[in-house]
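Just so you know, we're using the numbering used here here: the sequence shown kicks off at 1075 and counts up by one. Since the structure comes first, as structure tokens, the remarks are kept for the end.
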Amino acid sequence: MKDLSTEPEKNQGFCRFIIRIVNCQSQTTLIEQNLQEKRSSGGVGSNCKLILKPSSFEFSVHLQLPRRFDGQIEGADDSEQEIEKGKSSQPWFVLPIVVCATIAISAAGALTKLQKNAAPISQAGWRLQLTSLVLLPGFIWQCYRLNNEERERCLRWKNVGVIIVSSISLAFHFGLWIWSLLHTSLPHSLLLVSMPPVIVAALHYLQGNYLSRGETIGVTLGVGGAILMAAGSRIEKDIEVTMLGDLAAFLGAVAFVAYISAGKHLRGWMPLYVYAFPVTAGAAVCLSLAAISMEGMHHSSSGEISGPFGWLRKEYLLLNLALALGPGFVGHTGFNAVLRYCSALLVAMATTLEPLLGSAIGWALNVSGVPGLWTWLGGMVMLAGTLWVSYASEQQIKVKLEEVNRDQNDLFQVSDGLVCKRESLEEEARERRRNLLRASES
């Protein structure tokens, strides 16, 4: 008549517990809600299902979603990942890694400009080739640890297609940004390529999505800062700050947004190196082919050195190794690693320091002059806009957490009501049996 036992069901690596109660007359209904459960045991409630059938109903809760060895929570969406990150205490090594990663990525522009006479697209390909080699050991190690189900999931055509799109976007990002370094000043290039938070918020608005007041203010400041910088463009040594160079840097930021957007769903469950290596290697292949097609494999009439393996030349080898190990591994991989323990806001705030630190490093290495007044003013306004958007987005995540908790409480109140209803139905069934027995005896 009734079954109050719980039965575990395996579902993609985690246990799903079902409480089944029979003899409940109702129409078939399916209600699904996403929720995030605060708990001391480390489990996360998600994808709760309330299923009512004509002869029974099931109330099932995913009691725990497993933590992968890269710290991600399988099955959770991006906002749930952010919420979960904020719950754990921050280890001592997070801030040192963030500081080192910020300094490392800030040096990328200056180190790139030190490669004299190197063709820009070839330079971008060289850097990603060596970065891929640095990521290869981690890729092999994490692939070895994948089980058959995870390996099959990684090789699905849909996920492979996302990796290809992400690779192409990353190739455009580096190609456009490095090209901009040769056609505008280092501060302009660094400031404009650091605008992804503002671009993401603006795209959401253009798609008809609601922007909070903070995000609106941040987008306005970012656009206003870019206009101030463009209006105050000046001559930097022998290189004129051009609108074309600034546009290339900005389009590099747009390509970076496409790269992040393409891969954000995969990074929710795919290990770090399993995702990062094929994307980086694919971008390196795209840039190398583009370099062969557009720049050739020899010295051009302007004296530029091009080709897919120009980094093997002695004057470029050490610089490209520094770019791969510094900005590539310590910088970008370091940020991806600490996102397991801290919020995205901390990383966003750290990356907004790149234009200021990068300009200082460029001045110290004598590849960039001191920024002009308008560059300083416009840059500070742009940085303020980027920080404002990042902070406002973080507040939106907190609001969503509160909504999720309210949904969770409502759902468990419904479950309590169902238990009471079950007890009432059981008592009614027992009373009917007693009446039937009395009728049969008489």
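Think of the CB as a built atom: it goes at the ideal place given N, C-alpha and C, for glycine as much as any other residue. All of these numbers come straight from a predicted model, not from anything done at the bench.
>> Which of the three DSSP states is assigned to A1192 in this structure?
In response: If you number the sequence shown from 1, residue 1192 lands on position 118. A1192: strand per DSSP, three-state reduction.
>> At the level of alpha carbons, what is the spacing between R1230 and A1357?
In response: If you number the sequence shown from 1, residue 1230 lands on position 156. If you number the sequence shown from 1, residue 1357 lands on position 283. Within the model, the alpha-carbon separation for R1230 versus A1357 is close to 20 Å.
> Roughly how many angstroms separate the alpha carbons of K1190 and F1351, rounded to a whole number?
Replying inline: The residue you call residue 1190 lines up with position 116 of the sequence shown. The residue you call residue 1351 lines up with position 277 of the sequence shown. Approximately 28 Å, taken between the alpha carbons.
>> List, from N- to C-terminal side, the alpha helix (DSSP H) runs of 4 residues or more that fit wholly inside the stretch 1403-1479.
In response: For the stretch 1403-1479, whole alpha helix (DSSP H) runs of length 4 or above, ordered along the chain, are 1408-1412, 1418-1425 and 1428-1438.
>> Excluding the 5 residues flanking V1172 on each side, which residues of the same chain have their C-beta closer than 8 Å to its C-beta?
In response: Locating residue 1172 in the sequence shown gives position 98, where the first residue counts as 1. Excluding positions up to five away in sequence, the list reads G1408, F1409, V1412, C1416, L1420, V1421 and A1424.
>> Using C-beta distances below 6 Å, list every residue in its chain close to M1317, excluding the 5 sequence neighbours before and after it, in chain order.
In response: Your numbering for residue 1317 matches position 243 in the sequence shown. Nothing listed; no residue qualifies.
> Does the pairing of the stretch 1267-1279 with the stretch 1379-1391 give three or more beta-carbon distances under 8 Å?
Replying inline: no
>> Measuring straight from C-alpha to C-alpha, what distance separates A1192 and G1384?
In response: On the sequence shown, position 118 is the one that residue 1192 refers to. On the sequence shown, position 310 is the one that residue 1384 refers to. For A1192 and G1384, the distance between alpha carbons rounds to 8 Å.
> Going straight from the alpha carbon of C1360 to that of V1267, what length do you get?
Replying inline: Walking along the sequence shown from the start, residue 1360 turns up at place 286. Walking along the sequence shown from the start, residue 1267 turns up at place 193. Straight-line Cα distance between these residues: approximately 20 Å.
> Under a Cβ-count criterion, where at least 16 other Cβ atoms within 10 Å of its own Cβ denotes burial, should I1252 be classed as buried or exposed?
Replying inline: For the purposes of this step, residue 1252 is taken as the residue at position 178 of the sequence shown. With 16 or more other Cβ atoms within 10 Å, it is buried.
> Where does C1228 land, buried or exposed, given buried means 16+ other C-beta within 10 angstroms?
Replying inline: Indexing the sequence shown from 1 puts residue 1228 at position 154. The residue in question, C1228, is buried, as its Cβ has 16 or more Cβ neighbours within 10 Å.
> Taking the alpha-carbon positions, what's the L1427 to V1493 distance?
Replying inline: As a first step, residue 1427 must be located in the sequence shown, where it is residue number 353. As a first step, residue 1493 must be located in the sequence shown, where it is residue number 419. Straight-line Cα distance between these residues: approximately 55 Å.
> What do you reckon, are the CB atoms on I1195 and A1336 nearer than 8 Å?
Replying inline: Counting from one through the sequence shown, the residue named residue 1195 turns up at place 121. Counting from one through the sequence shown, the residue named residue 1336 turns up at place 262. Result no, Cβ atoms of I1195 and A1336 do not sit closer than 8 Å.
> Can you round the beta-carbon distance between L1453 and M1344 to whole angstroms, since I take them to be within the 8 Å contact cut?
Replying inline: Numbered from 1 along the sequence shown, position 379 holds the residue referred to as residue 1453. Numbered from 1 along the sequence shown, position 270 holds the residue referred to as residue 1344. In the sequence on display, residue 1453 carries Gly and not Leu. With 8 Å as the limit, G1453 and M1344 do not qualify as a contact, their Cβ atoms being about 36 Å apart.
>> Rounded to whole angstroms, what is the Cα-Cα separation between I1072 and L1204?
In response: No answer is possible for residue 1072: the residues shown for the chain start at 1075 and end at 1516.
>> My parser needs the alpha helix (DSSP H) runs of 4 or more residues fully inside the stretch 1328-1376; what are they?
In response: 1346-1369
>> Please identify the residue among S1263, A1184 and K1232 whose C-alpha is closest to the C-alpha of A1434.
In response: For the purposes of this step, residue 1434 is taken as residue 360 along the sequence shown, with counting starting at 1. When each option's Cα is compared against that of A1434, the closest is A1184.
> Exposed or buried, what is L1260 when buried is set at 16 or more other beta-carbons lying within 10 Å of its beta-carbon?
Replying inline: Numbered from its first residue, the sequence shown carries residue 1260 at position 186. L1260 should be labelled buried.
> Excluding five sequence neighbours on each side, which residues of the same chain lie with their C-beta closer than 8 Å to the C-beta of P1445?
Replying inline: Start at 1 with the first residue of the sequence shown, and residue 1445 comes out as number 371. So the list reads S1259, P1261, S1433 and G1453, once near-sequence residues are dropped.
> When burial is assigned at 16 or more other CB atoms within 10 Å of the CB, is L1447 buried or exposed?
Replying inline: The residue labelled residue 1447 in the question sits at position 373 within the sequence shown. Exposed is the call here.
> In the DSSP assignment, what are the bridge partners of I1379?
Replying inline: In the sequence shown, residue 1379 corresponds to position 305, counting from 1. Partner(s): A1192.
> What runs of the beta strand (DSSP E), each 3 residues or longer, lie entirely inside the stretch 1215-1277?
Replying inline: none
> My guess is that G1249 and V1455 are in contact by the Cβ rule of under 8 Å, so how many angstroms apart are they, rounded?
Replying inline: For the purposes of this step, residue 1249 is identified with residue 175 of the sequence shown, where counting begins at 1. For the purposes of this step, residue 1455 is identified with residue 381 of the sequence shown, where counting begins at 1. Not a contact, Cβ separation roughly 28 Å.
>> Quick check on S1367: buried or exposed, where buried means 16 or more other Cβ atoms within 10 Å of its Cβ?
In response: Reading the sequence shown from its first residue, position 293 is the one you call residue 1367. Exposed: under 16 other Cβ atoms inside 10 Å.
> Does DSSP put F1213 in a helix, a strand or coil?
Replying inline: Translated into the one-based positions of the sequence shown, residue 1213 becomes position 139. Looking at F1213 - three-state DSSP - the assignment turns out to be helix.
> How would you label V1135, buried or exposed, when you count the other beta carbons within 10 angstroms and need 16 or more for buried?
Replying inline: In the sequence shown, the residue the question calls residue 1135 occupies position 61. Below a pLDDT of 50, predicted positions are generally treated as unreliable, and V1135, at 38, falls in that range; the measurement from the model is reported next regardless. Buried, since its Cβ has 16 or more Cβ neighbours within 10 Å.
> Nearest-angstrom Cα distance between A1396 and A1198?
Replying inline: Indexing the sequence shown from 1 puts residue 1396 at position 322. Indexing the sequence shown from 1 puts residue 1198 at position 124. Roughly 14 Å between the two C-alpha positions.
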